[in-house]
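For what it's worth, my numbering labels the leading residue of the sequence shown as -18, then goes sequentially.
C-beta: ideal position from N, C-alpha, C; glycine also.
Quick caveat: nothing in here was measured; it's all calculated off a predicted structure.
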Amino acid sequence: MKTLALLGALWAVFPLKDAAGDLHQAADLKDHPVTVLVFLSTECPLGNRAIPDLNALSQRYAGKVRFFAVNAERDKTAAQVLQHDREYALAFPTLLDPGQ
């Protein structure tokens, strides 16, 4: 039941744009049996240290699992988040959710 509740909550927050400006719809999640949402902050040293491992996981399960980062920082622009993603070579899109 928790999974169903979570899916319902996920559907409610879409559509969301990513830092590059691409729009992602809830229906896009149906293309993969598993979707991983990783909540990252541009200033969190622990999250930033985890990015190489997250990239490795996303490559290992490519085609089976869809990975998204989620940035819910209210004070960060899309350009700042995109710069962070490039600086840390994040291998999957970061969804912007400033409204949390």
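- Task: Decide if the stretch 8 to 17 is in contact with the stretch 46 to 64; the criterion is three or more beta carbon pairs, one per stretch, under 8 Å apart.
- Result: These segments touch.
- Message: Looking at the strands, I want to know which residues DSSP matches up with Arg47.
- Response: Here the question's residue 47 lines up with position 66 in the sequence shown. Bridge partners of Arg47: Thr16.
- Item | Start-to-end residues for the beta strand (DSSP E) that takes in Leu76 | Sequence index remark: in the sequence shown, residue 76 carries index 95 (1-based). If you look at Leu76, you'll find it in the beta strand (DSSP E) that goes 75 to 77.
- Item | Continuous alpha helix (DSSP H) stretch holding Ala59: start and end | Residue numbering aside, residue 59 sits at position 78 when the sequence shown is read from its first letter. Segment 59 to 68, the alpha helix (DSSP H) holding Ala59.
- Own chain, CB closer than 7 Å to Gln64, minus 5 neighbours either side, in chain order: Locating residue 64 in the sequence shown gives position 83, where the first residue counts as 1. Within the same chain, Gln64 has no close Cβ partners at all.
- Message: Can you tell me where the alpha helix (DSSP H) holding Arg30 begins and where it ends?
- Response: In the sequence shown, residue 30 corresponds to position 49, counting from 1. Looking at the DSSP string, the run of the alpha helix (DSSP H) that includes Arg30 is 26 to 41.
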